[in-house]
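To convert, take the position in the sequence shown, counting from 1, and add 25; that gives my numbering. Report on the following structure.
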Amino acid sequence: MTLTQDALAVRTEPSPTHNQAVLIVHGKDRTGIVAAISAVLGKHDANIVSLDQYSDNPHGGAFFQRTVFALDHLKARLPQVELDLQAKLAEGFELEYTLRDLSQPKRVAIFASKDDHCLLDLLWRHRRGELPVNVSMVISNHPDTADEVRFFGVPFFHVPSAGPDKSAAEAQHLRLLQGNVDFIVLARYMQILSGDFIERVGVPIINIHHSFLPSFIGAGPYAKAKQRGVKLVGATAHYVTEDLDEGPIIEQDVIRVSHADTVRDLQRRGADVERAVLSRAVRWHCEDRVIRHDNHTIVFA
26 MTLTQDALAV
36 RTEPSPTHNQ
46 AVLIVHGKDR
56 TGIVAAISAV
66 LGKHDANIVS
76 LDQYSDNPHG
86 GAFFQRTVFA
96 LDHLKARLPQ
106 VELDLQAKLA
116 EGFELEYTLR
126 DLSQPKRVAI
136 FASKDDHCLL
146 DLLWRHRRGE
156 LPVNVSMVIS
166 NHPDTADEVR
176 FFGVPFFHVP
186 SAGPDKSAAE
196 AQHLRLLQGN
206 VDFIVLARYM
216 QILSGDFIER
226 VGVPIINIHH
236 SFLPSFIGAG
246 PYAKAKQRGV
256 KLVGATAHYV
266 TEDLDEGPII
276 EQDVIRVSHA
286 DTVRDLQRRG
296 ADVERAVLSR
306 AVRWHCEDRV
316 IRHDNHTIVF
326 A
């Protein structure tokens with residue numbers, strides 16, 4: 026099959042984020058922050074596409090801002106924009122910032138086990154262009170999903186992880202990951218990561234928990250939910266910390282159930298919520314819409 030001129034033209038169109046960057050600023054609130062940042066961007070003739078901000082206390086509390094701006098010849102000009110931001114924010118502002126070219130997707134590794142609904146949903150959404158991310162690899166402690174993953178053109182690595190000592194598996198994980206990913210997603214990866222691994226891998230890790238935290242922590246949440254006669258089941262996407270299932274929450278959702286639902290029904294309904302919650306959390310993280318602060322998050326969704 027040969028491509029027509031029109032088809033070729035469509036393929037070579039710039040992405041919606043072409044020549045766009047995102048600036049995240051957070052720190053101590055004070056007068057003049059928005060004006061100072063806008064002045065730097067205005068100096069470079071940057072056009073602010075969107076701006077979201079939040080202060081938890083206007084009298085010296087914490088301030089958060091997400092700004093997306095467009096700038097012609099962005100790649101060449103972004104270093105000077107950053108230098109000017111550094112100089113401006115050094116003038117008495119107690120702020121930290123990150124600046125990123127949105128046309129460069131973040132690289133993710135997806136960890137999975139036997140349950141494949143979250144894994145395959147992420148790969149499907151990525152193929153449809155719904156997730157602005159590069160999937161570098163899938164790592165699983167079971168080989169069951171290898172063929173499905175490779176169907177999407179993504180490298181699959183089977184790394185067994187059994188027994189209480191996970192050090193050998195985690196060492197192999199680190200060899201695969203370091204320098205190759207910007208964050209990790211645990212798509213129903215049914216293994217606990219050690220604190221040493223979390224520290225050494227050095228990138229954010231997002232987990233999907235199959236209940237509405239903090240309820241029903243641990244194994245068998247749907248059986249516990251059935252025993253309690255719950256009327257809602259939910260899912261929680263959160264960042265991973267050393268404290269199991271206690272990390273900052275990114276997104277949550279619930280769905281109504283009834284006394285007539287079996288445990289299998291609850292699992293099926295819960296899987297639907299898990300897919301939706303995890304995909305939203307991953308997309309928001311990829312778009313720098315999530316700012317971690319202490320043990321919670323500010324989400325500019």
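Using N, Cα and C, we set each Cβ at its ideal position, and we do this for glycine too. Since the structure is predicted, the reported quantities are computational estimates derived from the model, not experimental observations.
Distance from Val226 to Leu202 at the Cβ level is roughly 6 Å; contact confirmed, criterion being Cβ atoms closer than 8 Å.
By the 16-neighbour rule on beta-carbons within 10 angstroms, Arg91 is buried.
Unbroken alpha helix (DSSP H) runs of no fewer than 4 residues, entirely contained in the region 124-195, are found at 142-152 and 171-176, following chain order. If the five residues before and after His321 are omitted, its C-beta is found closer than 8 Å to the C-beta atoms of Pro273 and Ile274, all from its own chain and listed in chain order.
For Ala262 and His98, the gap between their C-alpha atoms comes out near 36 Å. Beta-bridge partners assigned by DSSP to Glu121: His51. With 16 or more other CB atoms across the displayed protein chains lying within 10 angstroms of its CB, Ser161 is buried. As a beta-bridge residue in DSSP terms, Asp278 pairs with Ala260. Residue environment analysis places Ser304 among the buried positions, since at least 16 neighbouring C-beta atoms fall within 10 angstroms of its C-beta.
The C-alpha of Gly220 is placed about 31 Å away from the C-alpha of Gly86. Assigned with DSSP and collapsed to three states, His318 falls in strand. In the three-state DSSP reduction, Asp77 falls in the strand class (E or B).
Of the residues assessed, Ile217 falls on the exposed side of the cut-off, its CB having fewer than 16 other CB atoms within 10 angstroms. Around the beta carbon of Gly67, fewer than 16 other beta carbons sit within 10 angstroms, so the residue counts as exposed. Contact between Val184 and Ile164 holds: CB atoms are separated by about 6 Å, below the 8 Å threshold.
Beta-bridge pairing by DSSP links Val324 to Val315. Our two residues, Thr266 and Ile233, have alpha carbons roughly 13 Å apart in a direct line. Within the model, the alpha-carbon separation for Leu48 versus Arg289 is close to 45 Å. In the three-state reduction of the DSSP assignment, Val302 falls in the helix class, which pools H, G and I.
If you draw a 10 Å sphere on the C-beta of Thr170, you find 16 or more other C-beta atoms in it, and that means buried.
Within the same chain, Cβ atoms closer than 7 Å to the Cβ of Ile135 are found at Leu144, Leu147, Val160, Val163, Val210 and Ala212, the five residues on either side in sequence being excluded.
Around the Cβ of Gln252, a 10 Å sphere holds fewer than 16 other Cβ atoms; the residue is exposed. Residue state for His310 is assigned as helix, using DSSP reduced to three classes. Val93 is bridged by DSSP to Val47 and Ser75. Residue pairing for Val210: DSSP places it in a beta bridge opposite Ile135 and Ile231. If you compare the alpha carbons of Ala101, Val158, His43 and Ile62 with that of Asn205, the shortest gap goes to Val158. In this structure, the alpha-carbon of Gly259 lies about 7 Å from that of Glu299.
About 29 Å separates the Cβ atoms of Phe208 and Lys113, ruling out a contact at the 8 Å cut-off.
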